[in-house]
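The numbering of the sequence shown is the working numbering, which starts it at 36 and goes up by one. For glycine and all other residues, C-beta sits at the position ideal for the given N, C-alpha and C. Just so we're clear, the structure is a prediction, and the values are computed from it rather than from any experiment.
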Amino acid sequence: MSESEQISQYFVADAGGNEIRMPRKSRILLSGAIMIFILLLFVGWTSWLAINNLFWSERSLVPVVSSVLWLMIVGICVFSIISDQGVKRAAVCILGVFSLDHFIDISGNDFSDRLVGYGFRCFGSRFYFDRVPLDRVTLITWSTGQTSFHAGRDMDDWHVAIWYKPTPPQKSRVPFGRRSEEDLFILDLWGPKMRIAEFGKCIVELMIAANHSLVQGKDDCSFVYSNSRDEEASNKGDSSDA
Numbered sequence: 036m037s038e039s040e041q042i043s044q045y046f047v048a049d050a051g052g053n054e055i056r057m058p059r060k061s062r063i064l065l066s067g068a069i070m071i072f073i074l075l076l077f078v079g080w081t082s083w084l085a086i087n088n089l090f091w092s093e094r095s096l097v098p099v100v101s102s103v104l105w106l107m108i109v110g111i112c113v114f115s116i117i118s119d120q121g122v123k124r125a126a127v128c129i130l131g132v133f134s135l136d137h138f139i140d141i142s143g144n145d146f147s148d149r150l151v152g153y154g155f156r157c158f159g160s161r162f163y164f165d166r167v168p169l170d171r172v173t174l175i176t177w178s179t180g181q182t183s184f185h186a187g188r189d190m191d192d193w194h195v196a197i198w199y200k201p202t203p204p205q206k207s208r209v210p211f212g213r214r215s216e217e218d219l220f221i222l223d224l225w226g227p228k229m230r231i232a233e234f235g236k237c238i239v240e241l242m243i244a245a246n247h248s249l250v251q252g253k254d255d256c257s258f259v260y261s262n263s264r265d266e267e268a269s270n271k272g273d274s275s276d277a
């Protein structure tokens, strides 16, 4: 495969076929930047007012208590973000909003050392939102999002999710215990089913080319690691024998 090759109607493969570029529209960048700017401006301004009330108010109980409560809320939110993701990852997530050059790639020479990563380019460098060992990936799916769920019809908000087994095992971020032994990251590319299904199949082909065995799952919107399917079948057989 050449250094840059059109692999489908929507997507381009780079880096000798080990990377798929994810096109993002400039309006998405603009809307994300405006949202972050407004959020930071609001939090910064209200926090400054709260600090001002604490030091220069007339010691009235209401502004002092409300200022303390607001600063506590801001502090708890900042602490939870840092404790859950770390300073570096939180900064990367914010920086990623300002990049149009997102990608998913596979790096490493030996199979046991290969990593599948979801990231972006900015200031001439590569940054990653998520990066996990390729041999820990168990499932690739694409489905509709919350907008379709609440509207009760397809709202063209399809997206791709990559499921994997964390190493070392850790508390899953998956809600309500669904597939609680696994974790996932969702790729920030949303659109109609035809386009996202094509993107999902490109990712599947990328992993298969890297010798990660994936087969179609219960429907045409999921591909499962073949060993995972064998393990599930074996577990079902053991439980039925018991």
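Which of the three DSSP states, helix, strand or coil, is assigned to Glu240?
Numbered from its first residue, the sequence shown carries residue 240 at position 205. Helix, per DSSP.
Determine the DSSP secondary structure at Pro168, reduced to helix, strand or coil.
Reading the sequence shown from its first residue, position 133 is the one you call residue 168. If DSSP states are grouped into helix, strand and coil, Pro168 belongs with the strands.
With a threshold of 8 Å on Cβ separation, who are the neighbours of Ile117 within its own chain once the five nearest residues in sequence on each side are excluded?
Against the sequence shown, residue 117 aligns to sequence position 82. Ala125, listed in sequence order.
Measuring CA to CA, which of Ile175, Phe164, Ile86, Ser257 is closest to Gln120?
For the purposes of this step, residue 120 is identified with residue 85 of the sequence shown, where counting begins at 1. Among Ile175, Phe164, Ile86, Ser257, the Cα nearest to that of Gln120 belongs to Phe164.
Segment limits, alpha helix (DSSP H) that includes Trp80
For the purposes of this step, residue 80 is identified with residue 45 of the sequence shown, where counting begins at 1. That run of the alpha helix (DSSP H) goes 61-91.
Any idea what DSSP makes of Val100, helix, strand or coil?
Indexing the sequence shown from 1 puts residue 100 at position 65. The answer is helix: DSSP assigns Val100 an H, G or I state.
Under the assumption that Ile238 contacts Ile55 (Cβ atoms under 8 Å), give the Cβ distance between them as a whole number of angstroms.
Within the sequence shown, the letter at position 203 stands for residue 238. Within the sequence shown, the letter at position 20 stands for residue 55. Confirmed, about 7 Å.
For the structure I just gave you, are there three or more beta carbon pairs, one from the stretch 175-188 and one from the stretch 249-257, closer than 8 Å?
yes
Coarse secondary structure for Trp225, derived from DSSP in three states
For the purposes of this step, residue 225 is taken as residue 190 along the sequence shown, with counting starting at 1. Trp225: coil per DSSP, three-state reduction.
Does Gly235 come out as helix, strand or coil in the three-state DSSP assignment?
As a working mapping, residue 235 is identified with position 200 in the sequence shown. Of the three classes helix, strand and coil, the one that applies to Gly235 here is helix, per DSSP.
Out of curiosity, what's the CA-to-CA distance linking Trp83 and Leu106?
Translated into positions along the sequence shown, residue 83 becomes position 48. Translated into positions along the sequence shown, residue 106 becomes position 71. One C-alpha to the other measures close to 10 Å.
Does Trp193 pass the burial test, meaning 16 or more other C-beta atoms within 10 Å, or should it be called exposed?
As a first step, residue 193 is located in the sequence shown; it is residue number 158 there, counting from the start. Burial call: buried.
I'd like to know whether the C-beta atoms of Asp170 and Asn53 end up nearer to each other than 9 Å.
Locating residue 170 in the sequence shown gives position 135, counting from the first residue. Locating residue 53 in the sequence shown gives position 18, counting from the first residue. Cβ atoms of Asp170 and Asn53: not closer than 9 Å.
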